[in-house]
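Notes to accompany the following structure.
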Amino acid sequence: MATTHVMENPDSVQTFRSKLQDFYTLTKPEVNLLILMTTSAGYYLASRGPFRIGGLVNTLIGTLLVASGTATLNQWMERVWDGQMRRTVSRPLPSGRLSGREAFWFGIVLSAAGGFYLAFTVNPLAALLAVSTLVSYLLIYTPLKRKTPLCTLLGAFPGAMPTLIGWAGAGAAINRQAWFLFAILFLWQFPHFLAIALMYRDDYSRAGYRMLPDFDRDARFTRAEIVGFTVTLVLATMLPLVDRGGMWYWAGMSLAGAFLLYHVGRLAASSSKVLASRVLHASVLYLPVVLGIMVVWKA
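Under the working numbering, the sequence shown has 420 at position 230, and the numbering climbs by one with no breaks.
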């Protein structure tokens with residue numbers, strides 16, 4: 191009878207599907223893809239002996255749940271200000287398609303489920319790192335976005351944590367190699383997120399977000415930051431040469447770095463939002479290439 195009722199009400203089916211889509215949108219799946227990629231890299235690079243695919247799957251499931259919960263709670267916290275920006279006004283919460291209560295409990299359930307899942311199927315360290323990421327992102331980075339441009343610096347710490355979660359998931363201690371991988375992702379976030387801040391500067395300002403310093407009206411300082419962090423990032427990817435050596439590793443990292451530096455160099459000479467967008471897309475392509483070279487080299 192219930193099935194027949196639903197079948198006779200296609201509008202109800204469409205509403206249900208739309209709501210599911212909105213809940214899915216709250217989890218920021220495009221961001222989660224990068225998170226799962228960096229978590230996988232950390233897990234693989236930390237693995238010793240036979241590779242445990244089951245351990246990787248469990249680590250990814252738990253991390254995905256916590257990341258999805260974090261994204262949802264972040265949008266719940268920022269729902270009022272998201273409604274003041276063109277790029278976010280159509281999101282499920284500011285548009286009114288989902289209520290704040292629905293989003294809050296959805297985020298809480300996802301986060302708790304992810305933390306418990308990691309604790310019981312992976313190990314307590316992975317769970318602790320995941321929960322610490324959630325807490326620092328929501329209680330430090332999110333409120334600071336409206337107070338100081340230093341939010342990008344402080345937000346880069348939880349942003350780089352998936353590498354350590356993956357490393358811990360493989361059952362390995364957090365050692366020098368783990369922190370090296372953390373540093374790569376930490377540095378990568380600056381050209382990536384500062385490019386976004388340049389692209390949407392007016393939108394952020396309209397909602398009261400202080401993503402860029404007030405004195406930097408011509409974006410010269412921010413563009414110099416992007417150059418500095420990018421150069422440091424590219425040089426950091428060369429550091430494993432000291433331990434491992436290998437011309438092919440160096441060549442691959444050099445080509446990847448040259449690609450990113452080319453787009454960053456063009457942005458340094460102009461404050462064009464189009465060039466900022468190209469740096470953003472170049473950074474998204476650069477990261478998996480760098481991680482892929484590390485994974486292949488280890489193999």
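Idealized CB from N, CA, C, for every residue including glycine.
Just so you know, these numbers come straight off a predicted model, no measurement behind them.
- Contact annotation, I355 with F380: C-beta distance approximately 21 Å; criterion of less than 8 Å not satisfied.
- Exclusion of the five residues before and after A426 leaves A373, I374, L377 as the residues of its chain whose Cβ lies within less than 7 Å of its Cβ.
- When L255, V325, A387, A448 are compared, the shortest CA-CA separation from L475 is found for A448.
- For a cut-off of 8 Å, the C-beta gap from W487 to Y439 is around 5 Å, short enough to register as a contact.
- The shortest CA-to-CA distance from D393 to any of G252, A302, M275 is the one to M275.
- Listed in chain order, the alpha helix (DSSP H) elements of length 4 or more contained wholly in the stretch 387-447 are 391-396, 410-426, 430-434.
- Between M389 and L470 the beta-carbon gap is near 7 Å, inside 8 Å, which marks them as a contact.
- Around K337, the same chain offers R400 as residues with beta carbons nearer than 8 Å, after the five sequence neighbours per side are excluded.
- Straight through space, the alpha carbons of I225 and Y234 are spaced by roughly 14 Å.
- Taken through DSSP and simplified to helix, strand or coil, A458 comes out as helix.
- One alpha carbon belongs to G252, the other to M443, and they sit about 31 Å apart.
- Contact holds between the stretch 257-266 and the stretch 287-298, because three or more Cβ pairs, one in each stretch, are under 8 Å apart.
- Rounded to whole angstroms, the Cβ separation of P314 and D212 is 34 Å, and the two are not in contact under 8 Å.
- Of the candidates F241, R456, L445, L445 places its Cα closest to the Cα of I483.
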